[in-house]
Amino acid sequence: MPESSPCYVEVVVPVPLFQAFDYRVPEGIDPQSLMPGMRVWVQFGPRRVLGVINQVRATTLLEPAKVRPFTELVDDTPALDEAMLNLLRWAAQYYCHPLGEVLHHALPAALRQGKPAHFPIQTLWRVTTSGRSTPADSLKGIRQQQLLAELQHMPNGLTQEALRTLEYSSQTLSSLEKRELIEKIEREQRPGKHQGKLLAEVPHSLSTAQQQVLEAIASQLDGFHVHLLDGVTGSGKTEVYLQLIEQVLRQGKQVLVLVPEIGLTPQTLRRFRHRFQVNVAIMHSGMNDTERLHAWLEAREASACILIGTRSALMAPMPNLGLIVIDEEHDASFKQQEGFRYHARDLAIVRAQRAQVPVLLGSATPSLESLHNALRQHYRYHRLDERAGNAIAPTIERLDIRKLPLQDGFSEPLLARMQAHLEAGQQVLVFLNRRGFAPSLHCPSCGWLAECEFCDARMTLHKRSRSLNCHHCDHMTPIPLTCPECHQPGLEPVGQGTERGEDSLQQHFPETPVIRIDRDTVRGKTRMETLLEPVHKGEPCILVGTQMLAKGHHFPNVTLVAIIDADQGLFSADFRGMERMAQLLVQVAGRAGRADKAGEVILQTAHADHPLIETLCDEGYRAFAQQELISREHVGLPPWQPMALLRADHQRPNVALNWLQEIRDTLTQHLVSEQRNDCQLAGPLPASMERRHDRYRALLHLYGDNRKALHYQLHWLCALIELNPVPGGLRWSLDVDPADTF
Ligand code: ADP
Ligand code: ZN
Ligand code: ZN
Numbered sequence: 077m078p079e080s081s082p083c084y085v086e087v088v089v090p091v092p093l094f095q096a097f098d099y100r101v102p103e104g105i106d107p108q109s110l111m112p113g114m115r116v117w118v119q120f121g122p123r124r125v126l127g128v129i130n131q132v133r134a135t136t137l138l139e140p141a142k143v144r145p146f147t148e149l150v151d152d153t154p155a156l157d158e159a160m161l162n163l164l165r166w167a168a169q170y171y172c173h174p175l176g177e178v179l180h181h182a183l184p185a186a187l188r189q190g191k192p193a194h195f196p197i198q199t200l201w202r203v204t205t206s207g208r209s210t211p212a213d214s215l216k217g218i219r220q221q222q223l224l225a226e227l228q229h230m231p232n233g234l235t236q237e238a239l240r241t242l243e244y245s246s247q248t249l250s251s252l253e254k255r256e257l258i259e260k261i262e263r264e265q266r267p268g269k270h271q272g273k274l275l276a277e278v279p280h281s282l283s284t285a286q287q288q289v290l291e292a293i294a295s296q297l298d299g300f301h302v303h304l305l306d307g308v309t310g311s312g313k314t315e316v317y318l319q320l321i322e323q324v325l326r327q328g329k330q331v332l333v334l335v336p337e338i339g340l341t342p343q344t345l346r347r348f349r350h351r352f353q354v355n356v357a358i359m360h361s362g363m364n365d366t367e368r369l370h371a372w373l374e375a376r377e378a379s380a381c382i383l384i385g386t387r388s389a390l391m392a393p394m395p396n397l398g399l400i401v402i403d404e405e406h407d408a409s410f411k412q413q414e415g416f417r418y419h420a421r422d423l424a425i426v427r428a429q430r431a432q433v434p435v436l437l438g439s440a441t442p443s444l445e446s447l448h449n450a451l452r453q454h455y456r457y458h459r460l461d462e463r464a465g466n467a468i469a470p471t472i473e474r475l476d477i478r479k480l481p482l483q484d485g486f487s488e489p490l491l492a493r494m495q496a497h498l499e500a501g502q503q504v505l506v507f508l509n510r511r512g513f514a515p516s517l518h519c520p521s522c523g524w525l526a527e528c529e530f531c532d533a534r535m536t537l538h539k540r541s542r543s544l545n546c547h548h549c550d551h552m553t554p555i556p557l558t559c560p561e562c563h564q565p566g567l568e569p570v571g572q573g574t575e576r577g578e579d580s581l582q583q584h585f586p587e588t589p590v591i592r593i594d595r596d597t598v599r600g601k602t603r604m605e606t607l608l609e610p611v612h613k614g615e616p617c618i619l620v621g622t623q624m625l626a627k628g629h630h631f632p633n634v635t636l637v638a639i640i641d642a643d644q645g646l647f648s649a650d651f652r653g654m655e656r657m658a659q660l661l662v663q664v665a666g667r668a669g670r671a672d673k674a675g676e677v678i679l680q681t682a683h684a685d686h687p688l689i690e691t692l693c694d695e696g697y698r699a700f701a702q703q704e705l706i707s708r709e710h711v712g713l714p715p716w717q718p719m720a721l722l723r724a725d726h727q728r729p730n731v732a733l734n735w736l737q738e739i740r741d742t743l744t745q746h747l748v749s750e751q752r753n754d755c756q757l758a759g760p761l762p763a764s765m766e767r768r769h770d771r772y773r774a775l776l777h778l779y780g781d782n783r784k785a786l787h788y789q790l791h792w793l794c795a796l797i798e799l800n801p802v803p804g805g806l807r808w809s810l811d812v813d814p815a816d817t818f
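Each residue of the sequence shown is one higher than the one before, counting from 77 in the working numbering.
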């Protein structure tokens, strides 16, 4: 072997250490065939772990005799291509997270376990000859009809996983199979590239406003630009995405579409699949490992022309990327809240920049970060102020309840309005953003309140499951019959949750179906679509639910949206509390009047004259956002100043707080000695719910006048923590651009 040929590899492994480890290339493997991004099994201490080659090198800084060979090479081509590897290296730096963990996170679970990066066997369903000629409406059940129609539409078949996402049950599938209308095929070969017609349906002709936006973006498809599409709900943003995507597909390129966790509804998917004949891959948390691997491979092999997915789909390699679309870009689910705490929107922008492709952010309620960038002309700003078709955008009407008697949280004028809409044959949506029956249980004799044993929080009363549940740590207890303190009977629920809303509306409107949508009813087999069936049929009904109802759904017959108890958002400990509340209210309000019928939105509030509520209701989201931006500027918060959070927790009180105080002292000393005045620290403070899950939590805020200053401070901080042992049992994490700051 010539001396210059590489014979060491630097490997990163999924451990919380900021360093890489050298291994020797074992006999029998040609070092020339090794490339960064390939997976290898290595002996790491007593464990065998799966690592990723970060570099192939001729030399090592260690004593060559002590460098062990790696155990096994897994890939023959890199699992992570160079572009993705470089993006992830950048992200590891930016988010101050160990590269080994970042790369591990970026791989689908099957690849993390060392499975081969090849297409697995896949189950497909397609129509048989007799299924093709059977009219769908000759079948009995509505789901059977829909299924047959769906498959008739897709002569090449749909995967089992796609059908599951569309929420067809295995009974529905097997009943059509028994009648030989559809059949199951197993296929192994990799999906072919798309050939033939691109479109499966004729697109809408765009309104003038939509056309202008489309042209502005489509004229700059070569090269990196960030576009913010700020359009009211129902203004036809999705239609603009679809027609833009069409143009990119015509250039033979791939498109990545990111949607919030809750936004990947069957309705959304159906829209993409009905528009395009090309292969659309999906990736979301409800899929199993094999399905995720499959979608990831399809993206990497460019056999998927479109990849639609939640947050982590961002990390699928796409060699032929031509456009990234981020729908509901303001949504908090784009931020990963544990481990590698990246923001998928922000990282998508970096990805687009490196790939020199455009990125389109869309929302009816843009984040203040994106609005700020648009207003300062870092992003191109496009607006759609009117609803598509005949629909009319509703305004939010404030209903002051300070002097009104309430019946289980509902005021008389609101109930009357609901009645009027129902009598007119329409549907009503009641937004009540708390699960359970009541947020607490109270003893009127001694004032006792049910509190969690492990958290500084109240227990929520759940009547259906007959328990008190903590929504912060999952602790559950039976409902006490008498007060645990004074032993009197007569404990009373305090406040309203969705269960109570459902009961009380059902009593008030005994003839009308009341459908509750929250994490308790949508859990398990009874899925959202099944629950929503009567709503889609269009008969009068009342929908009661949490924010699960706020996004993605299209309810053409809902003409009244009632918002109950939104006031909690006004007093949030988080500086983004107001922004979140405003976004949620506007999104919920957007469910009203999406078709031909005008909609009404009523906000029942005890703070009708709060300035931000006033602005939001009377002048709309943009006016609200501008007002918020100004107040953030005054106090130096994001988006004006970048920030990070150092969080810590421990089983004993004060340990985390004291540790953070030491960090702060050392950091401050360092900054003074370096004469840096572009970095600031605030805290440490106990978290706003200090004890959670039996651990005491505290945080330290870090600010910088600019990103460079902040990152100077952060990298110094990481080095400091790595070099100094942390107290036993203490857990810490660093969160750059945190979404939650309490
Ligand atoms: P958004 O994504 O802004 O909420 P959508 O694209 O979902 O808006 O459009 C709302 C509704 O209007 C959908 O039912 C869509 O099919 C319809 N629509 C959108 N654009 C047009 C158009 N140019 N002409 C007719 N209908 C349209
Ligand atoms: Zn009592
Ligand atoms: Zn708890």
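Cβ atoms here follow ideal geometry from the backbone N, Cα and C, with glycine treated the same way. From a predicted model like this one, the values you see are computed outputs, not experimental measurements.
Just mark residue 238 as buried or exposed, buried being the case when its beta carbon has 16 or more other beta carbons within 10 Å.
It counts as buried.
Which residues does DSSP list as the beta-bridge partners of residue 681?
Per DSSP, the beta bridge partners of residue 681 are 476.
So, with DSSP's three-state summary, where would you put residue 524?
Coil, per DSSP.
For residue 811, name the three-state secondary structure that DSSP assigns.
In the structure shown, residue 811 sits in a strand (DSSP, three-state: E or B).
Beta-carbon separation of residue 313 and residue 438 under 8 Å?
Against a cut-off of 8 Å, the Cβ pair of residue 438 and residue 313 comes out as a contact.
Would the beta-carbon of residue 553 fall within 8 Å of that of residue 510?
Taking 8 Å as the Cβ cut-off, residue 553 and residue 510 do not qualify as a contacting pair.
Proximity test, Cβ basis, 8 Å: residue 606 and chain E
Any reference to chain E falls outside this structure, which holds one protein chain only.
Candidates 225, 306, 473, of which the one nearest residue 456 by Cα
From the listed residues 225, 306, 473, the smallest Cα separation to residue 456 is found for 306.
In whole angstroms, what separates the C-alpha of residue 808 from that of residue 731?
Here the alpha carbons of residue 731 and residue 808 stand approximately 12 Å from one another.
What runs of the beta strand (DSSP E), each 3 residues or longer, lie entirely inside the region 611 to 683?
Within the region 611 to 683, the beta strand (DSSP E) runs of at least 3 residues that lie entirely inside it are, in chain order, 618 to 621, 634 to 640, 676 to 681.
Under three-state DSSP, which class holds residue 788?
Residue 788 falls in the helix class under three-state DSSP.
Excluding the 5 residues flanking residue 547 on each side, which residues of the same chain have their C-beta closer than 6 Å to its C-beta?
Contacts found: 536.
Would the beta-carbon of residue 584 be found less than 7 Å away from any heavy atom of ligand 3?
Distances between the C-beta of residue 584 and the heavy atoms of ligand 3 are all 7 Å or more.
Classification of residue 361 by the beta-carbon crowding that lies within 10 angstroms, buried from 16 upward
With fewer than 16 Cβ atoms within 10 Å of its Cβ, residue 361 is classed as exposed.
Three-state secondary structure (DSSP) at residue 818?
Here DSSP, grouped into helix, strand and coil, assigns residue 818 to coil.
Keeping to the same chain, check which residues put their C-beta closer than 6 Å to that of residue 476; ignore five residues upstream and five downstream.
If we look at residue 476 and ignore the five residues flanking it on each side, its Cβ neighbours are 684.
Beta carbon of residue 587, beta carbon of residue 519: below 8 Å?
In this structure, residue 519 does not lie closer than 8 Å to residue 587 by Cβ.
Backbone secondary structure at residue 410 - three-state DSSP
Collapsing the DSSP output to three states places residue 410 in a helix.
Heavy atom of ligand 3 within 7 Å of residue 533 beta-carbon
Yes, since a heavy atom of ligand 3 falls inside the 7 Å radius drawn around the Cβ of residue 533.
What does residue 28 pair with, by DSSP beta-bridge criteria?
The first residue shown for the chain is 77 and the last is 818, placing residue 28 beyond what the model contains.
Between the region 490 to 509 and the region 617 to 637, can you find at least three pairs of beta-carbon atoms closer than 8 Å?
Yes, the region 617 to 637 is in contact with the region 490 to 509.
Count the other CB atoms, across all protein chains shown, that sit within 10 Å of the CB of residue 417; report buried if there are 16 or more and exposed otherwise.
Flag for residue 417 reads buried.
8 Å Cβ cutoff met for residue 309 and residue 186
Taking C-beta atoms as the reference points, residue 309 and residue 186 fail to come closer than 8 Å.
Around the C-beta of residue 639, are 16 or more other C-beta atoms found within 10 angstroms, so that it is buried, or is it exposed?
Label assigned to residue 639: buried.
If contact is defined by three or more beta carbon pairs under 8 Å, each pair taking one atom from either stretch, is the region 165 to 179 in contact with the region 137 to 150?
No: the two stretches stay apart, fewer than three of their Cβ pairs being nearer than 8 Å.
Take residue 675 as the anchor and find which of 473, 767, 297 has the nearest alpha-carbon.
Nearest neighbour of residue 675 by Cα position, chosen from 473, 767, 297, turns out to be 473.
Applying the criterion that 16 or more other CB atoms from any shown protein chain within 10 Å of the CB defines a buried residue, is residue 523 buried or exposed?
The residue in question, residue 523, is exposed, as its Cβ has fewer than 16 Cβ neighbours within 10 Å.
What residues in its chain sit with their C-beta under 7 Å from that of residue 804, if we drop five residues either side in the sequence?
Once the five neighbours on either side are set aside, residue 804 has no close Cβ partner at all.
Less than 8 Å separating the beta-carbons of residue 645 and residue 652?
Going by C-beta atoms, residue 645 is not nearer than 8 Å to residue 652.
Boundaries of the beta strand (DSSP E) in which residue 575 is found, first to last residue:
Unbroken run through residue 575 is the alpha helix (DSSP H), 574 to 584; no beta strand (DSSP E).
Which runs of the beta strand (DSSP E), 3 residues or longer, sit entirely within the region 327 to 355?
Within the region 327 to 355, the runs of beta strand (DSSP E) at least 3 residues long that lie entirely inside it are, in chain order, 330 to 334.
Could you tell me the distance, in whole angstroms, from the CA atom of residue 788 to the CA atom of residue 163?
Roughly 20 Å separates the two Cα atoms.
Under the three-state DSSP convention, the category residue 78 falls into:
Caution is warranted here: a pLDDT of 47 is assigned to residue 78, below 50, making its placement in the model unreliable, and no coordinate value can be reported.
Opening and closing residue of the beta strand (DSSP E) in which residue 403 lies:
According to the DSSP assignment, residue 403 belongs to the beta strand (DSSP E) that extends over 397 to 403.
Residues near residue 225 by beta carbon distance below 6 Å, same chain, minus five either side:
Closer than 6 Å at Cβ, skipping near neighbours: 212.
Do you know whose CA, among 715, 403, 662, lies nearest residue 696's CA?
Minimum Cα-Cα distance from residue 696 among the listed residues 715, 403, 662 corresponds to 662.
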